[in-house]
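Asks:
Residue numbers (our numbering), protein chains in the order written: chain A, 32 to 142; chain B, -10 to 103.
(1) Shorter than 8 Å from the beta carbon of residue 129/A to some beta carbon of chain B?
(2) With distances taken from CA atoms, which of 78/B, 101/B, -3/B and 40/B is nearest residue 17/B?
(3) Consult DSSP for residue 75/B and reduce its assignment to one of helix, strand or coil.
(4) So the beta strand (DSSP E) residue 49/B belongs to, where does it begin and stop?
(5) Have a look at residue 96/A and residue 4/B and give me their C-alpha separation to the nearest angstrom.
(6) Quick check on residue 134/A - is its C-beta less than 8 Å from some C-beta in chain B?
(7) To the nearest angstrom, how far is it from the Cα of residue 138/A to the Cα of residue 61/B?
(8) Do residue 31/B and residue 93/B count as a contact pair if the criterion is CB distance below 8 Å?
(9) Three or more beta-carbon pairs under 8 Å between the segment 121 to 141 of chain A and the segment 86 to 100 of chain A, yes or no?
(10) Of all the CB atoms in chain B, is at least one closer than 8 Å to the CB of residue 72/A?
(11) Does residue 18/B come out as helix, strand or coil in the three-state DSSP assignment?
(12) Give me the Cβ distance between residue 97/B and residue 121/A, rounded to the nearest whole Å; I'm assuming they're in contact under 8 Å.
(13) Using a Cβ-Cβ cutoff of 9 Å, what residues of the segment 17 to 32 of chain B are near chain A? List them in chain order.
(14) My guess is that residue 71/B and residue 6/B are in contact by the Cβ rule of under 8 Å, so how many angstroms apart are they, rounded?
(15) Taking the straight line between their C-alpha atoms, what separation do you get for residue 49/B and residue 65/B?
(16) Under 8 Å Cβ-Cβ, which residues of chain A neighbour residue 37/B?
(17) Does the beta carbon of residue 8/A sit closer than 8 Å to a beta carbon anywhere in chain B?
(18) Closest Cβ-Cβ distance between residue 66/B and chain A: below 8 Å?
(19) Residue 43/B to residue 84/B, Cα distance in whole Å?
Okay, here's the thing in structure tokens:
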């Protein structure tokens, strides 16, 4: 979707290092969802953010929503090989039932 | 079932053939979505069902694409006279409400049109 821009497109990180992925919307965000996808597989739900300033964490993954900037970030602390995959942000930009997705960020974790 | 189930996982079709992709959502889920994901891209919305009613089919690329959910559970996405540009992964997702909440995705059906 051109309405959601993810950056970077891909990144390689040394095991144990931190990484951050950004998702920026050209439209108002009514809800922001982070998913992870492994090649050839479906999307695994990570986190849902709905309120400006909201921050959620699960294990070593933290996601934040900046409603004013129409932006979300996903931060992984002390990356592990299991963190490798494609991270997709999906957003409700119409305040209805549809999710629009970014193109994804491919994360490679080097041992 | 425990999760969203899609079949077949892989389908190779010759150009011009018809294909049917099946989605079995989580039991009791009201909403069902179909998305198309091209290689290296994020999923793109195709169509949305609330129970058996198809409320939105604005994302279907052409009249060769048809989806149904006759009894409000299993859904089928049918593509007639397949073209090479139809090659993609077709993802099905379901949720328990009629508004956007957490979507549960299936593993997808990868269609390759030769």
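Built from N, CA and C at the ideal position, the CB exists for glycine as well.
Bear in mind that the values here come from a model prediction, so they are computed numbers and not experimental data.
Replies: This is what the structure holds:
(1) Yes, residue 129/A counts as interfacial toward chain B.
(2) Residue 17/B has its Cα closest to that of 40/B, out of 78/B, 101/B, -3/B and 40/B.
(3) Three-state result, residue 75/B: helix.
(4) Per DSSP, residue 49/B belongs to no beta strand (DSSP E) and is neither H nor E.
(5) Approximately 44 Å, taken between the alpha carbons.
(6) With 8 Å as the cut-off, residue 134/A counts as an interface residue toward chain B.
(7) Rounded to the nearest angstrom, the two C-alpha atoms are 38 Å apart.
(8) No, the pair does not count as a contact, with Cβ atoms beyond the cut-off.
(9) Contact fails: fewer than three Cβ-Cβ distances are below 8 Å.
(10) At least one C-beta of chain B is nearer than 8 Å to the C-beta of residue 72/A.
(11) Note: residue 18/B maps to coil in three-state DSSP.
(12) Between residue 97/B and residue 121/A, the beta carbon gap of about 15 Å keeps them out of contact (Cβ cut-off 8 Å).
(13) Those residues of the segment 17 to 32 of chain B that come within reach of chain A (Cβ to Cβ, closer than 9 Å) are 20, 22, 24, 26, 29, 30, 31 and 32.
(14) Yes, residue 71/B and residue 6/B are in contact; Cβ-Cβ is about 6 Å, under 8 Å.
(15) Distance from the CA of residue 49/B to the CA of residue 65/B, rounded to the nearest whole angstrom, comes to 14 Å.
(16) Under the 8 Å cutoff, chain A gives 128 and 129.
(17) Residue 8/A lies beyond the residue range present for chain A, which begins at 32 and ends at 142; the question has no answer from this structure.
(18) Residue contact check for residue 66/B against chain A: no CB pair falls below 8 Å.
(19) Those two C-alpha atoms are separated by around 15 Å.
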